[in-house]
Structure formats: C-alpha cells, structure tokens
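Undergrad: This structure is in structure tokens; I'll ask about it shortly.
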Amino acid sequence: MTARLREFRRAADERAADLVHRERIARVMSKSNAASETMKVRQFGDWERARRLAGQIKRHVLANLPDLLEEFERHATARGVEVLWAADAGEARALLLGLARRFQIEIAVKSKSMTTEEIELNAALEAAGIEVLESDLGELIVQLAGTRPYHIVGPAIHLTRAEIAELFHRKLGTAPGAGAEELTLAARDLLRRKFAAAGLGITGANFLLADAGAITVVENEGNARLTMAMPRVHVAIAGIEKVLPRLADLALFLPLLASSGTGQQLTCYNTLARGPRTAGEPDGPEHMAVILLDNGRTTLYARPAVRQALRCIRCGACLNVCPVYRSIGGYTYGTVYSGPIGAVITPHLEEQGRWEHLSQASSLCGACSAACPVDIDLHRLLLENRRRATAERKEGWFWAAALRAWAWVFSRRGRLDRLRGVGRLVRAAAPGRARVPRLAPRSFAQMWSDREQS
Amino acid sequence: MSSRERILGRLRAAQPPAAERAAPPREPDRSIYRDYPARAEDYVAVFAERFAALRGEFLRAAGLAEAAARVAGLLAELEASEACGAARGLAAADPLIAAVLAASPALAARFDPPERLGMANAEMLPCLAGLTRARALVARSGGIVLDSGRDGGRRLSVFPPLHIVLARAGDYVASLEEALARRAGDADWSSLTIVHGPSRTADIEKTLVLGAHGPKRLAVIHVEA
C-alpha cells in the first residue's frame, strides 16, 4: 500500500465517520437525484436512447478531435476571436496574464469554471496585482471562505445557510443570521458594481461549436452573461475536449446537461458567444479570446483504453449517485475534479504515480456509469486505472507468486476441490477460531456431478 | 514548435484510423423527446403554461394601447417592490416596441431610446427595466431566444431587474432545435442567449432564490392584432 493510499484511507475513514457531514451531503444529493430522475423521464421519451446518441456524437468528436479543433479555430478567427493554445496550466496562466497586461486590466470578474480551478488562475491573477472576483454565488462563497469547490456543479453544497450567513457577515457585513434571499441579494449588490467596473471577464465554456466558431456557457444566475456583456475584454478558457461538431447538437446536449446536472429541463441561461461586438451592436466586449487548454488531455487521448473519459460534459451526475462520494465528500479526493470522473481522469492529467490510488475510491457498483449522460463506462475505466497502476508498480515477489498460485488454483474446479484438504488442516490447526469457516463435506460441483450420474 | 502544433500533432498521432472517423451521427431530432407540441396553433398556449412554471409572467394585450398599459403596470409594480421613485427603462430598436411606446406618450417618456443602448456601464446602474423583442419563443420549454444584434445588445436583457419581452403570434416555434435552426444561418449576432425564466440560484442549501444576478422578474406581453 502506498503512502498516498494510506493517507487517503485515513482521511476517508475520518470523513465517513462524520455523521453530520454525511447527513448534510445525503440530503442535498437525494434532492438533486430526485429532480434529475423526474426531469429525465419528463423530458426524454427514452433516456437510454438520448444518452447513447450523445455518447455516439462524443465518440465522433474524439475520433475527429484535431480536425474539429481546427474547424472551430477557423470559424472563430473569422468572427474576430483570438484563438490561443496552451500546452499546460503554466502556459494558460501566462497567456491570460499577457492579455491582462495588453489591455491594462486592474479588475477581473470570473464566472464559474472548473478549468480555471484546474489552472489555479485566481492565485496567479492576484500575484500579478489584478483583483479577481468570482461572480457565481457558490464560487463566491468558496472564494470568500478561502477553500475550493466541493462539487463540480455545486461548489458550496457542503455549507449550511447558517455557515454562509456567518461568512458573509464577517466578509461583507451582512446582518448576522441572514436568510438565503438576503445573502443572494448581498452578492448581487457587490457584483453589480464589479461588473460595471471590471475590464476583464473570464469564463469557461461548456461547449465549443466547430461549425459556428462559438463558445457556449450554461448557467442559472446571469453572472456569466454579465461577465461576457460588460467588461471590455472577454477571455474563455476551455479544455480541448469541449468541442461539438454542430450548433444543432446543442438541442440534445443542453437539455441533457441540465437534466443531469441540476434536474432542470434547460438551465435559465444558455449563451453562445462568438467574437467581440459587431458593427451593428450597441455593446459587448471590444476583444474576445479563447484559450484552448491541453494540460494532460492529449496524454489521456493517447491511451485508447481510457480515452472515452474525454466525453465528459462535467454535469456532476456521477458524483451525486456515487456511494463513495456521498460518504467521503468532495475534499477527501484532494483533486480539482472529484468523484468517479475525477478518479478516472486525474491520474492521467497530472504527474504519473500521484493519483492512481483514487481508483480504489469505488465500490465498482456501476451507479456512475448508469447515470452518465454521455455513456462513459466510468466503473470500467476505474478498473482499467487499477490494472494500469498495478502493472506499473513493482509489487514484491511474494504477491506476484501468491497471485499466480491463486489464479492457477481457481482456474480449475478440480484443483479447488483438492485444496479443501488444506482448508480442513487450517481449521484443525486453529481450534475454536470461529473466523475459519467450516467446510461442507462435499462441494456443490461434486454434489451436482453425483446427481447427474444417479 | 508552438503549443498549437504540439497539441494537434499529439492528437493526430493518437487519432483512430480513418475508418472510425465516419460522418457524425444524425442531428438530434424531436423523436428523442416527449411532450412535443404537435400543432402550431397550440404553441402560444403551451409556451404560456411552461413559461409560468418557470416563474415567468405571461400577459396578453389585445392591441398596442393595452400593451402599453401592461408595460406601465409592470413598472408600477416594480416601483412598489423596489421602493424606488419613477422607474426608468431602456428599449431595443424594433417597430413593435416603437409602436407600443407611441401609443402612450407618458410611457414613452420613461424609456430611453435605442440610441442610448451603448451607454457606459456606470450609467446603466439606475436602469430598472429592459424592453425587447425576441428572435423566437420556444413552446416546448418556455424559452426565449435573444440575440445581441437585434434585441438591444448584451446588457439590456440581463442587467436591469425587470425584463419585458413583446411577442407576436409568428414568434413562436415548437422546440429548441427549430429555434437554433432559425438562427444558425444568421451572421449578425456575436452573442445569442436562450432564456428560461427569471434569474435564479440554488447555491445555498438548494433553496431557490429568484433574481441572483440577472432579472428578478421576466414578463412576456403577447400582443394580438
């Protein structure tokens, strides 16, 4: 057992024993899952067919990824978008800071984006003297708390209203014990002034549309729309796997993402952006850039056994249904992307040998695979990660020999039956130890063959 | 080598053989959904029902004068709820909007004209109502499709706390894919947004709160005749 796995198990045991935490997460997750199940049935005649079609479209995307990225780049560039490519997190940060310097940015607003979490953008902006404020309410809460998102869709679901009220009271001066409405209003008032003053708006992208050269951002609050509408520069950062071939594909992917992510038919705002304001438009940014991020995705792509993990649309459904996630919570994983999808992709995206132990954070029950709206076989990919980790790790000679012996015995019924004598010996050697089970005089296979012959 | 070449090169090197790169699966169509409004004459009623379920306010007006009265009524409610003085709004450039405002000079005086749509961000802070048309109203989901070219730019429909959409019978479509197909060929927008109800959040204990950062109230006034 590696030190990392030991530490992970210790943290997981501790979290799982925290009954208050478990009860809190179970309540939120049950609410999410119920809403999601209701919406899937109400919205799709045949959910299985819908997700299979989505999986096929994504399979097509991956088979044609370099071509679709070039097509996106061509169409976006023609609309005046500056398309930039970043090999890793450091390059993405440098590109963004370069843009901030070029446009003399002092204040930036950001809408919810896991990709910017992945490249640890906020710290880099602050180090460069640029004020950056999260505009999504959940993200603002974790930013003020100095932590990171607990869940890829609901960043602050682990906090109670009372805890958030206390945080806002301390940081924003709201009344102690404020209600959800009052807290939301406080965030709204704070952000209104920032939206009006910020020179740079940063978003992620849920989808990149190759044929339209547009990015798509999915949200409920309106903060992403304001982030793309008010500052004079808009920069979107997106993983290279986010591309879809056609604008028309949104007709499937938007409702699929909404029903799986938040249990809505469609989220409140689905916004496409493809360039700065045009000559006929009254407002909008004067410059738009899209940073296409690799950061390990090409490594994942080069491993056909796990490549399908790049289909992921980050809906969070696999986290919500995962019995392990629900017990140990989002932070125990220690990664930006938690839950089953995080355990699948992180070992490939980050330094080798660091996160392989996360594939143990699964009961292999398959609930994640059944919930996935793009038909990713998540629990099989976890097994594949285990296989890979074992192959790469040099186990001692004892384990190797023991496993070979086990395989040799268990691959033939007769060998297993002959081993029963060994079992009786062990039992005889340890009398009174209830833990050694009593063996039946004859095995099922032996009794069956007796029956057949009689 | 640039990062662009390196990324594309690594993808190409690992790309599956050409045989697996066949044409994409067909575009999603109505067959995957249920609840598909079949008859065009039902679109308005279906939209009104779905829109109301999203907490949108659907109002009917028999003519231009009644539409103007509806807009004035919404402004009066806003003044009461926000406890503010005379609420001012800003209107997108559109013949129907112009005609409705022309029907009531008192109302027209409370709306800045479309020439002001480009005002600085700071000037927008006191603007309480945005008045726009829509490119399409989606019956099946209760959605409203707006574009930055013709619907007053990017800010008008999201920054003010009240957003009012004027609609006519020809604006309604059955579904999102029809709405997207209508818009895809257009070259004149830099941003397109599909709206489903007033702004909302459930980030605090999954409690629904309306008016997170966008409009707290969203109304469609369906103008007949």
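Protein sequences, first through last, are from chains A and B.
Take -9 as the starting number for the first sequence in our numbering and just add one per residue.
Take 309 as the starting number for the second sequence in our numbering and just add one per residue.
Glycine included, every Cβ here is placed at the ideal spot set by N, Cα and C.
Since V517 of chain B meets chain A, which of its residues come closer than 8 Å, beta carbon to beta carbon?
TA: The sequence position of residue 517 of chain B within the second sequence is 209, counting from 1. Chain A residues near V517 of chain B: A170, E171 and T174.
Undergrad: Are the C-beta atoms of T106 of chain A and some chain B residue less than 8 Å apart?
TA: Stepping through the first sequence from its first residue, residue 106 of chain A is reached at position 116. Chain B contact via Cβ: absent.
Undergrad: Quick check: is the beta carbon of F366 of chain B nearer than 8 Å to any beta carbon in chain A?
TA: For this step, residue 366 of chain B is matched to residue 58 along the second sequence. Not closer than 8 Å to any Cβ of chain A, the Cβ of F366 of chain B fails to qualify, so no.
Undergrad: Identify every residue that forms a DSSP beta bridge with V223 of chain A.
TA: Taking the first sequence and counting its residues from 1, the one referred to as residue 223 of chain A is at position 233. Per DSSP, A:L190 and A:H277.
Undergrad: Quick one: does P468 of chain B have its CB under 8 Å from some CB of chain A?
TA: Locating residue 468 of chain B in the second sequence gives position 160, counting from the first residue. Judged by the 8 Å Cβ criterion, P468 of chain B is not in contact with chain A.
Undergrad: Could you give the C-beta distance for S483 of chain B and R448 of chain B, rounded to a whole number, given that I count them as a contact under 8 Å?
TA: Counting from one through the second sequence, the residue named residue 483 of chain B turns up at place 175. Counting from one through the second sequence, the residue named residue 448 of chain B turns up at place 140. S483 of chain B to R448 of chain B, Cβ: 5 Å. Contact.
Undergrad: Check whether the Cβ of L470 of chain B lies closer than 7 Å to any heavy atom of the ligand PLP, and answer yes or no.
TA: Summarising the ligand content, the structure contains no ligands, and the ligand PLP is consequently not present.
Undergrad: Checking contacts by CB at 8 Å: is T28 of chain A closer than that to chain B?
TA: Within the first sequence, numbered from 1, the residue matching residue 28 of chain A stands at position 38. No, its Cβ sits nowhere closer than 8 Å to a Cβ of chain B.
Undergrad: Consult DSSP for L198 of chain A and reduce its assignment to one of helix, strand or coil.
TA: Residue 198 of chain A sits at position 208 when you count from the first residue of the first sequence. The answer is strand: DSSP assigns L198 of chain A an E or B state.
Undergrad: Looking at the C-beta of D273 of chain A, does it have a partner C-beta in chain B at a distance below 8 Å?
TA: As a position in the first sequence, residue 273 of chain A is number 283, starting the count at 1. Chain B, which has a Cβ nearer than 8 Å to the Cβ of D273 of chain A, makes this yes.
Undergrad: Can you tell me the Cβ-Cβ gap for A356 of chain B and F366 of chain B, rounded? I've got them flagged as a contact below 8 Å.
TA: The sequence position of residue 356 of chain B within the second sequence is 48, counting from 1. The sequence position of residue 366 of chain B within the second sequence is 58, counting from 1. A356 of chain B to F366 of chain B, Cβ: 4 Å. Contact.
Undergrad: With V99 of chain A as the anchor, note down where its beta strand (DSSP E) starts and where it stops.
TA: If you number the first sequence from 1, residue 99 of chain A lands on position 109. Unbroken beta strand (DSSP E) run through V99 of chain A: I97 to K100.
Undergrad: Verify the CB distance criterion: does G438 of chain B have a CB-CB separation below 8 Å to chain A?
TA: Residue numbering aside, residue 438 of chain B sits at position 130 when the second sequence is read from its first letter. No, G438 of chain B lies away from the interface with chain A (no Cβ there is under 8 Å from its Cβ).
Undergrad: With DSSP run on the structure shown, which of helix, strand or coil describes D407 of chain A?
TA: Position 417 of the first sequence, counted from the first residue, corresponds to residue 407 of chain A. Of the three classes helix, strand and coil, the one that applies to D407 of chain A here is helix, per DSSP.
Undergrad: Nearest CA to the CA of D350 of chain B: which residue from B:A395, B:P421 and B:G450?
TA: On the second sequence, residue 350 of chain B is found 42 positions in, with the first residue counted as 1. Answer by Cα proximity: B:G450.
Undergrad: Starting from S439 of chain A and walking both ways along the alpha helix (DSSP H), at which residues does that stretch end?
TA: The residue labelled residue 439 of chain A in the question sits at position 449 within the first sequence. Counting along the chain, the alpha helix (DSSP H) containing S439 of chain A begins and ends at F434 to Q443.
Undergrad: For A7 of chain A, which of A:E382, A:P313 and A:I318 has the nearest alpha-carbon?
TA: In the first sequence, the residue the question calls residue 7 of chain A occupies position 17. Looking at the Cα atoms, A:I318 is the closest of the given residues.
Undergrad: For a contact defined as C-beta to C-beta under 7 Å, what are the partners of Q445 of chain A on chain B?
TA: What the structure shows of chain A is the stretch from -9 to 444, and residue 445 of chain A is not part of that stretch, so it cannot be assessed.
Undergrad: Using a 10 Å radius around the Cβ and a threshold of 16 neighbouring Cβ atoms, would you call C305 of chain A buried or exposed?
TA: Along the first sequence, one-based indexing puts residue 305 of chain A at 315. C305 of chain A comes out buried.
Undergrad: Would a check of beta-carbon distances place P345 of chain B closer than 8 Å to chain E?
TA: Note that chain E does not occur in the displayed structure, where the protein chains are A and B.
Undergrad: Does S447 of chain A have its Cβ less than 8 Å from a Cβ in chain B?
TA: Because chain A spans -9 through 444 in this model, residue 447 of chain A falls outside it and cannot be assessed.
Undergrad: R183 of chain A: which of B:R463, B:L433 and B:D402 sits nearest, CA to CA?
TA: Here the question's residue 183 of chain A lines up with position 193 in the first sequence. Checked all of B:R463, B:L433 and B:D402; the closest Cα to R183 of chain A is B:L433.
Undergrad: Please decide whether Y291 of chain A counts as near chain B, where near means a Cβ-Cβ distance under 8 Å.
TA: Counted from its first residue, the first sequence places residue 291 of chain A at position 301. Yes, Y291 of chain A counts as interfacial toward chain B.
Undergrad: For V122 of chain A, write down the residues that DSSP places opposite it in a beta bridge.
TA: Taking the first sequence and counting its residues from 1, one reaches residue 122 of chain A at position 132. Paired residue(s): A:A98.
Undergrad: Do you know offhand how far L406 of chain A's Cα is from G286 of chain A's?
TA: Within the first sequence, the letter at position 416 stands for residue 406 of chain A. Within the first sequence, the letter at position 296 stands for residue 286 of chain A. One C-alpha to the other measures close to 45 Å.
Undergrad: What residue does the alpha helix (DSSP H) around D3 of chain A start on, and which one ends it?
TA: On the first sequence, position 13 is the one that residue 3 of chain A refers to. Counting along the chain, the alpha helix (DSSP H) containing D3 of chain A begins and ends at A(-7) to A6.
Undergrad: Do we get a CB-CB distance below 8 Å when we pair R320 of chain B with the residues of chain A?
TA: As a position in the second sequence, residue 320 of chain B is number 12, starting the count at 1. True, the Cβ-Cβ gap to chain A drops below 8 Å.
Undergrad: Please name the residue in A:T217, A:V334 and A:G356 whose C-alpha comes closest to that of R376 of chain A.
TA: Along the first sequence, one-based indexing puts residue 376 of chain A at 386. Minimum Cα distance to R376 of chain A is reached at A:V334.
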